[in-house]
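Chemist:
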Amino acid sequence: MTQKEISEQQASLPGSVHHLTGYVFEDAFMSYELDFGHPESPERLAAIGRRMEATGLAKRVTRLAPLTRVVPHIRKIHTEAHVTAIQALKTIGPVAELAVGGALAAVKAVCQGAVRNAFCAVRPPGHHSLNTGREEGFCFYNNVAIAAKYAQDVCKMPKVLIVDWDFHHGNGTEASFYDDPSVLYFSTHYALAYPGTGYPEKQGKGQGLGFNINVNMPCGAVDDDFAGVCTQMLVPRADAFKPDFVIVSAGFDGHANDKLGCFDMSDEGFAALTRIVMGIAHRNCGDRIVSVLEGGYTPEDLAGAVCAHVKTLLEYEPENKLTANHEL
Ligand SMILES: [Zn+2]
479 MTQKEISEQQ
489 ASLPGSVHHL
499 TGYVFEDAFM
509 SYELDFGHPE
519 SPERLAAIGR
529 RMEATGLAKR
539 VTRLAPLTRV
549 VPHIRKIHTE
559 AHVTAIQALK
569 TIGPVAELAV
579 GGALAAVKAV
589 CQGAVRNAFC
599 AVRPPGHHSL
609 NTGREEGFCF
619 YNNVAIAAKY
629 AQDVCKMPKV
639 LIVDWDFHHG
649 NGTEASFYDD
659 PSVLYFSTHY
669 ALAYPGTGYP
679 EKQGKGQGLG
689 FNINVNMPCG
699 AVDDDFAGVC
709 TQMLVPRADA
719 FKPDFVIVSA
729 GFDGHANDKL
739 GCFDMSDEGF
749 AALTRIVMGI
759 AHRNCGDRIV
769 SVLEGGYTPE
779 DLAGAVCAHV
789 KTLLEYEPEN
799 KLTANHEL
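Be aware that the sequence shown starts at 479, since it is given in my numbering, and climbs by one per residue.
#1: Measure the C-alpha to C-alpha separation of Asn798 and Ile767 and round it to an integer number of angstroms.
#2: Under a three-way DSSP split, which group does Leu662 fall into?
#3: Just to confirm, are Val548 and Val578 a CB contact at a threshold of 7 Å?
#4: Taking C-alpha atoms, which residue in Gly729, Gly611, Val632, Pro777 lies nearest to His516?
#5: So which of Lys680, Leu582, Glu504, Ala653 has the shortest CA-CA distance to His556?
#6: Kindly say whether Leu608, judged by its beta-carbon, lies nearer than 7 Å to any beta-carbon of chain C.
#7: On the CB-based measure, 16 or more other CB atoms within 10 Å of its CB, does Tyr501 come out buried or exposed?
#8: Kindly indicate which residue of Glu531, Ala749, Asp703, Gly611 has the alpha-carbon position closest to the one of Ala809.
#9: Compare the C-alpha of Phe645 against each of Val788, Asn735, Leu498 and name the closest.
#10: Pull up the DSSP beta-bridge partners for Ser457, would you.
#11: Rounded to whole angstroms, what is the Cα-Cα separation between Asp702 and Thr562?
#12: What does the alpha-carbon distance come out to for the pair Pro678 and Phe689?
#13: Is the beta carbon of Ile624 less than 7 Å from the beta carbon of Ile725?
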């Protein structure tokens, strides 16, 4: 039985696993601070944990335990020198591995059909990680890029779509797959912010040309701007690509009043983006989505946006048709 047949069978069973959303959250993710008062703080995860409990969402998601012994998978994206350097960081090194393990557990559970989709509330984030042997933009290992490789190599999902709606450009993810046509990377971001990359002319190279899509959004961009860009630029490309698996670099620093961002998005805006991505996954790959936390630096706003995202992953039922815009 193929994964698609398994997914279709699960979809037909009321109350089946098809309606379950996996959730990764570990106290250990709050066990380090980059610096006193740093915006990438343990309080970000604490706020998410409290809000998940207060809204009742914590009881409705299926907790997933991070995989262990993940270094061989990390090595698919990062060099030996980088891994050695990060492992030498006494407090953060093990937590960075645990975050990767969380993302991989989510991919595994979705591939096996144990859950329909999953959200990973992890620290540290990952999409700026390079192979420099040090932190890049609060990131150490590229959780999402490693998860995409794992989906391909272990779960036998050949084509992976990565949607990155963090305020910042995922330069590490772009670098990981820049010449690779098996991973379609789509990013909306503010290109003048850190790390200063992400211009639209960077479309990939060699075989990967056309599989890297950067959309630079202006300061003050609102929910409808992002929904419009995703409907017009992401949906047609994603449906033509026909991914076997979808991964979201879920940064919420585009939320209004974020400490580091300048976009003006609301919780509902992130729910709308979630529905668009769920539509892509429904049409192409049996609803398989793993979403992994990236940024979001005003803890209570982050918590609200995360809960809107998780509630949508749990409840929304995409229709099996293309959007009106896509038919044009
Ligand atoms: Zn960010």
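Each residue gets a CB set at the ideal place from its N, CA and C atoms; glycine is no exception.
Modeler: On the basis of the coordinates in this document:
#1: Numbered from its first residue, the sequence shown carries residue 798 at position 320. Numbered from its first residue, the sequence shown carries residue 767 at position 289. One C-alpha to the other measures close to 16 Å.
#2: Taking the sequence shown and counting its residues from 1, the one referred to as residue 662 is at position 184. In this structure, Leu662 counts as strand in the three-state DSSP scheme.
#3: Here residue 548 refers to the residue found at position 70 when the sequence shown is read from its first residue. Here residue 578 refers to the residue found at position 100 when the sequence shown is read from its first residue. A distance below 7 Å separates the beta carbons of Val548 and Val578.
#4: In the sequence shown, the residue the question calls residue 516 occupies position 38. That would be Pro777, whose Cα lies nearest to the Cα of His516.
#5: Position 78 of the sequence shown, counting from 1, holds the residue named residue 556. Minimum Cα distance to His556 is reached at Ala653.
#6: Annotation note: the requested chain C is absent from the structure, which comprises a single protein chain.
#7: On the sequence shown, position 23 is the one that residue 501 refers to. Under this definition Tyr501 is a buried residue.
#8: Because the chain here runs from 479 to 806, residue 809 falls outside it and cannot be looked at.
#9: Position 167 of the sequence shown, counted from the first residue, corresponds to residue 645. With distances taken between Cα atoms, Phe645 lies closest to Asn735.
#10: What the structure shows of the chain is the stretch from 479 to 806, and residue 457 is not part of that stretch, so it cannot be assessed.
#11: Position 224 of the sequence shown, counted from the start, is the residue given in the question as residue 702. Position 84 of the sequence shown, counted from the start, is the residue given in the question as residue 562. Asp702 and Thr562 have their C-alpha atoms roughly 44 Å apart.
#12: Reading the sequence shown from its first residue, position 200 is the one you call residue 678. Reading the sequence shown from its first residue, position 211 is the one you call residue 689. If you draw a straight line from the Cα of Pro678 to the Cα of Phe689, it comes to about 12 Å.
#13: Here residue 624 corresponds to residue number 146 of the sequence shown, with the count starting at 1. Here residue 725 corresponds to residue number 247 of the sequence shown, with the count starting at 1. Contact: no.
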